[in-house]
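Trainee:
In the working numbering, the protein residues as written are 37 to 650.
(1) Measuring only the C-alpha atoms, how far is residue 243 from residue 612?
(2) Give the straight-line distance between the Cα atoms of residue 640 and residue 400, rounded to the nearest whole angstrom.
(3) Where residue 182 and residue 642 are concerned, what is the direct C-alpha to C-alpha distance, given to the nearest angstrom?
(4) Taking the alpha carbon of residue 544 as the point to measure from, which residue in 536, 223 and 166 has its own alpha carbon closest?
(5) Sort 330, 312, 386 and 325 by Cα distance to residue 343 and report the nearest one.
(6) Go ahead and pull the three-state DSSP assignment for residue 469.
(7) Measuring CA to CA, which of 377, 425, 650 and 578 is closest to residue 487?
(8) Can you tell which of 495, 437, 148 and 155 has the C-alpha that lies nearest to the C-alpha of residue 390?
(9) Quick one: Cα of residue 59 to Cα of residue 489, how far?
(10) Under the DSSP definition of a beta bridge, which residues are partnered with residue 300?
(11) DSSP on residue 176, reduced to helix/strand/coil?
(12) So is residue 194 buried or exposed if we call it buried at 16+ other beta carbons inside 10 Å?
(13) Could you give the C-beta distance for residue 122 and residue 158, rounded to a whole number, given that I count them as a contact under 8 angstroms?
(14) Compare the Cα-Cα distances from residue 185 to each of 249, 287 and 173 and report the closest residue.
(15) Whole angstroms are fine: how far does the CA of residue 86 sit from the CA of residue 136?
(16) Check for me: the beta strand (DSSP E) holding residue 115 runs from which residue to which?
(17) Locate the alpha helix (DSSP H) running through residue 377, then write down its first and last residues.
(18) Would you be able to state if there are at least three C-beta pairs under 8 angstroms between the stretch 106-120 and the stretch 77-84?
(19) In angstroms with no decimal places, state the Cα-to-Cα distance between residue 347 and residue 396.
(20) Determine the burial state of residue 129: buried for a count of at least 16 other Cβ atoms within 10 Å of its Cβ, exposed for fewer.
(21) Candidates 599, 532, 476 and 431: which alpha carbon is nearest residue 516's?
(22) Considering Cα atoms alone, identify which of 213, 351, 226 and 377 is closest to residue 329.
(23) Excluding the five sequence neighbours on either side, which residues of its own chain have a C-beta within less than 6 angstroms of the C-beta of residue 284, listed in chain order?
(24) Below 8 angstroms between beta carbons: does that hold for residue 479 and residue 428?
(25) Please say whether residue 521 and residue 434 have beta carbons closer to each other than 8 angstroms?
(26) What are the boundary residues of the beta strand (DSSP E) that residue 355 is part of?
(27) What does DSSP give as the partner residues of residue 427 in its beta bridges?
(28) Hey, out of 588, 315 and 414, whose CA is closest to residue 503's CA?
(29) Which of helix, strand or coil does DSSP assign to residue 580?
(30) Thinking C-alpha only, which one of 211, 340, 593 and 367 is nearest residue 279?
(31) Of the residues 374, 176, 300 and 229, which one's Cα is nearest the Cα of residue 333?
(32) Below 8 angstroms CB to CB, which residues in the same chain sit around residue 270 once its five sequence neighbours on both sides are set aside?
(33) What residue ranges within the stretch 384-450 form continuous alpha helix (DSSP H) runs of no fewer than 4 residues, ordered along the chain?
(34) So, for residue 551: in the same chain, excluding its five sequence neighbours on each side, which residues have a beta-carbon less than 7 angstroms away from its beta-carbon?
(35) If you count every other CB in all the chains shown that lies within 10 Å of the CB of residue 555, and 16 or more means buried, which is it?
(36) Could you check the C-alpha separation between residue 471 and residue 120 for me, to the nearest Å?
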């Protein structure tokens, strides 16, 4: 154990202490000015992210908003961010830090723009491209503008950037640890051409240029802030907000009871069928200090499910942030307050060179689940796992007959589910909380871009986990291909669906059928996706039918007011049978003619009997 601690996952360098660095360059600043500068930086980050959504060329970016912008200082410490995908907010810092170390302070120039996507130099997985640019004022590098986006392809052995069958990281696609695509304001056309040549997506360069434009906007706006306030004041504002976040974080933790809290969670299987990928979490709270230790997590050498350290770190911070006062700034002070132990070689900090295409989702998201389960004993009223149970997006690829070019559809128009409940709030909407501002692309636009049709989308009755606060229903989608297409699948969340908290029940499991008929019927070769990743050829007119799992419930289902259960039945979230079976609510009358009513005495007797049996 001591050896594992000694190998704590600092493989990517970080400042020894953001607080110590701040103290070393202390400049007086008043809190109002510091807050104004922070607000200005957050506005710049929001403008950068919005620029990508307005100018990118593929649906995963210009509709689904799978992007996020961050502002860092010249040390690589996170200073500010926009509201976006939590994982992106928190894993974009380490690639920037590597570039600062690699090029050195004398190797970066005004007008430079860099790209990085390498999981083993701080990134999550290869599709997540980070574009960043230094901000100079009066000859000094003061800040860094960064924009991270998920791209539709990375080269490698399979279209779509999700080659979960890859034997190693090199088979997944092209790795860019830190590469200049603009130097001193001039585009390196050899580099951008090389990148485009190694990418299948016809619109790749459009997406790349959208990111470059966003980074350049960030540089311009941040330069204006430096000009207005001066370099030293901007640095002092960053230091002040980092120290403020650390102080607020520690105050929050100090209010939690001291103790050691442990939890285990599992992924059904990896893409090769190795079962029960194990994540173990041990959280120690002592005063205002918190240690999150993943020693004991799966380290079998044969597994093919790995979350990189940067990805793991992001999910840790995202889950803890969701359980604290949302007014605490999410910056380096937040990171610096967590003692994180992730032994090298386990599924959350893989040996160098292992494939990580699937791991950014699983076991990455199980990091948040394990933390939520452990801390459900500490702050249950704030506990909602910031997770999802997917496997990977259902990627469709083939040749578009309208263009005779390769198309890659990540099915971002169908993904919707896993919305868990929290104390005081049923699960709601259609997109799980851990996806932040990610939205589902519209069917109409995607149908105009790709040779597909969306035939069904609806909630699945009885799929939300029962609880005093009910998990939201899962979703059913039926999607048809209009040209010969390959559907690439990898599904988990069947054996281990979304968990319930504080006595709530889990949500429904995932279920995916491929080669189904237009209305979900079995034309003779419909099959359910099992424990292995599959590439399944679909003929024109065939569909896949995905039943995405529901969210977990919160609290004892027998404490849910009977009137709310009746409303759930009328809304078709819960069936009459499930109202009785899960909630102990007896209904009379008929749903079809809207004559349902609560049988009060029968409900009281049934609930008393269910409590006695429990």
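Note that the Cβ used here is the ideal one computed from N, Cα and C, for glycine as well.
Mentor: Taking the coordinates as given:
(1) 49 angstroms
(2) 43 angstroms
(3) 57 angstroms
(4) 536
(5) 386
(6) helix
(7) 578
(8) 155
(9) With a pLDDT of 48 at residue 59, under the threshold of 50, the modelled position of this residue cannot be trusted, and the question is left open.
(10) 316
(11) strand
(12) buried
(13) The Cβ separation is near 17 angstroms, so there is no contact.
(14) 249
(15) 26 angstroms
(16) 114-117
(17) Element bounds for residue 377: not the alpha helix (DSSP H) but the beta strand (DSSP E), 374-377.
(18) yes
(19) 6 angstroms
(20) buried
(21) 431
(22) 377
(23) 364
(24) no
(25) yes
(26) Per DSSP, residue 355 belongs to no beta strand (DSSP E); it is in the alpha helix (DSSP H), 345-358.
(27) 527
(28) 588
(29) strand
(30) 367
(31) 300
(32) 73, 178, 179, 261 and 262
(33) 400-411
(34) 561, 562, 563, 572, 574 and 578
(35) exposed
(36) 8 angstroms
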